[in-house]
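Using numbering that gives the first Met the number 0, you'd call the opening residue of the sequence shown number 0 and step up by one each time.
For reference, the structure discussed in these notes is given below.
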Amino acid sequence: MLTLETPMLANLSWKELDVDASLAALREHVENEAQRQIDWYHAKRKVKASVSTGLRFVAILLFVLGGLVPIVKATLAPETIRRIGFDFGQTGYLLLAVAAGCVAMDRFFGYSSGWIRYVTTALALEKSLEEFRLEWARYIAKLRGGQPNESELDQLIRTCETFNLAIRGQIEQETKAWVTEFENNLSQLGRDLEAKADEAKKLRADR
Numbered sequence: 000m001l002t003l004e005t006p007m008l009a010n011l012s013w014k015e016l017d018v019d020a021s022l023a024a025l026r027e028h029v030e031n032e033a034q035r036q037i038d039w040y041h042a043k044r045k046v047k048a049s050v051s052t053g054l055r056f057v058a059i060l061l062f063v064l065g066g067l068v069p070i071v072k073a074t075l076a077p078e079t080i081r082r083i084g085f086d087f088g089q090t091g092y093l094l095l096a097v098a099a100g101c102v103a104m105d106r107f108f109g110y111s112s113g114w115i116r117y118v119t120t121a122l123a124l125e126k127s128l129e130e131f132r133l134e135w136a137r138y139i140a141k142l143r144g145g146q147p148n149e150s151e152l153d154q155l156i157r158t159c160e161t162f163n164l165a166i167r168g169q170i171e172q173e174t175k176a177w178v179t180e181f182e183n184n185l186s187q188l189g190r191d192l193e194a195k196a197d198e199a200k201k202l203r204a205d206r
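Printed below as a string of structure tokens:
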């Protein structure tokens with residue numbers, strides 16, 4: 000948000016001879032802040048994308064291997080299985096369980112959803128930045144090289160403020176989405192753990 004408490008803004012001079020330089024500094028400030036946020040989201044999305052892709056690849060691979068285990072076992076002769084030294088037919092369930100664990104980890108820590116959220120937020124910020132630059136250019140073009148009057152100067156400053164608030168709003172919206180997702184994941188994890196605990200109690204009671 001553009002406030003007088005910001006050191007850079009507090010040092011701007013709006014004397015007649017300094018107006019052009021102050022407007023340029025103000026525009027550069029809000030553009031740099033927006034670009035910094037865009038760069039942050041692009042950098043973070045790469046991490047999310049790498050982890051998400053890795054977990055999904057491992058999950059698919061283990062799921063395929065887990066499904067192949069009983070098929071492979073069925074094609075082998077009993078003598079061959081005895082020579083192997085152990086019954087590997089049950090390893091298919093283990094592979095499937097690990098695959099499910101990879102998917103659950105991706106969902107709980109929000110790697111895939113975070114990747115998508117970061118991409119969409121970065122694109123939205125880039126769109127806002129481009130719109131601001133075009134709007135600023137339109138206002139400056141109307142001046143025909145002259146200095147803005149009081150009303151035009153106020154409009155230019157308000158344009159920077161509106162753009163800055165839009166950037167902050169998009170970031171806040173993304174943060175709220177992350178908080179909501181994290182809370183939902185925690186609740187779901189609690190329900191899953193309770194269900195597993197009840198299932199374990201039931202198995203012990205049946206024995």
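All residues carry an ideal CB built from backbone N, CA and C; glycine is no exception.
Since the structure is predicted, the reported quantities are computational estimates derived from the model, not experimental observations.
CB contact flag (residue i, residue j, <7 Å)
{"i": "L95", "j": "G65", "result": "yes"}
{"i": "C159", "j": "L25", "result": "yes"}
{"i": "V118", "j": "R44", "result": "yes"}
{"i": "L98", "j": "A58", "result": "The sequence given here has Ala at residue 98, not Leu. Yes."}
{"i": "L22", "j": "L155", "result": "yes"}
{"i": "D17", "j": "S51", "result": "no"}
{"i": "E173", "j": "R116", "result": "yes"}
Length of the line joining the Cα atoms of residue i and residue j
{"i": "S127", "j": "R157", "result": "15 Å"}
{"i": "K14", "j": "A20", "result": "10 Å"}
{"i": "R82", "j": "K72", "result": "13 Å"}
{"i": "N31", "j": "Q146", "result": "24 Å"}
{"i": "R137", "j": "E130", "result": "11 Å"}
{"i": "C101", "j": "T90", "result": "17 Å"}
{"i": "A165", "j": "F56", "result": "37 Å"}
{"i": "K175", "j": "N184", "result": "14 Å"}
{"i": "L75", "j": "V46", "result": "43 Å"}
{"i": "L192", "j": "S186", "result": "10 Å"}
{"i": "A140", "j": "D153", "result": "16 Å"}
{"i": "Y92", "j": "Q169", "result": "44 Å"}
{"i": "W135", "j": "A42", "result": "28 Å"}
{"i": "P69", "j": "L60", "result": "16 Å"}
{"i": "K200", "j": "V63", "result": "32 Å"}
{"i": "A196", "j": "W114", "result": "32 Å"}
{"i": "E11", "j": "R143", "result": "Per the sequence shown, the amino acid found at residue 11 is Leu instead of Glu. Taking the straight line from one Cα to the other gives about 23 Å."}
{"i": "E151", "j": "R190", "result": "58 Å"}
{"i": "E149", "j": "L188", "result": "58 Å"}
{"i": "R203", "j": "Q34", "result": "59 Å"}
{"i": "A194", "j": "P77", "result": "39 Å"}
Top-ranked residue by Cα proximity to residue i, from the options
{"i": "F181", "options": "F107, E27, L93", "result": "F107"}
{"i": "F162", "options": "K195, L16, L185, H28", "result": "H28"}
{"i": "D38", "options": "S150, G189, L124", "result": "L124"}
{"i": "Q36", "options": "E171, K200, Y110, T179", "result": "E171"}
{"i": "Y40", "options": "E193, A121, Q154, D153", "result": "A121"}
{"i": "A48", "options": "L93, S112, S150, T179", "result": "S112"}
{"i": "V178", "options": "A204, G109, A194", "result": "G109"}
### Query
For the region 86-146, which segments carrying the beta strand (DSSP E) assignment without a break, of at least 3 residues, lie completely within its bounds, in sequence order?
Scanning the region 86-146 from its first residue to its last, no whole beta strand (DSSP E) run of 3-plus residues comes out.
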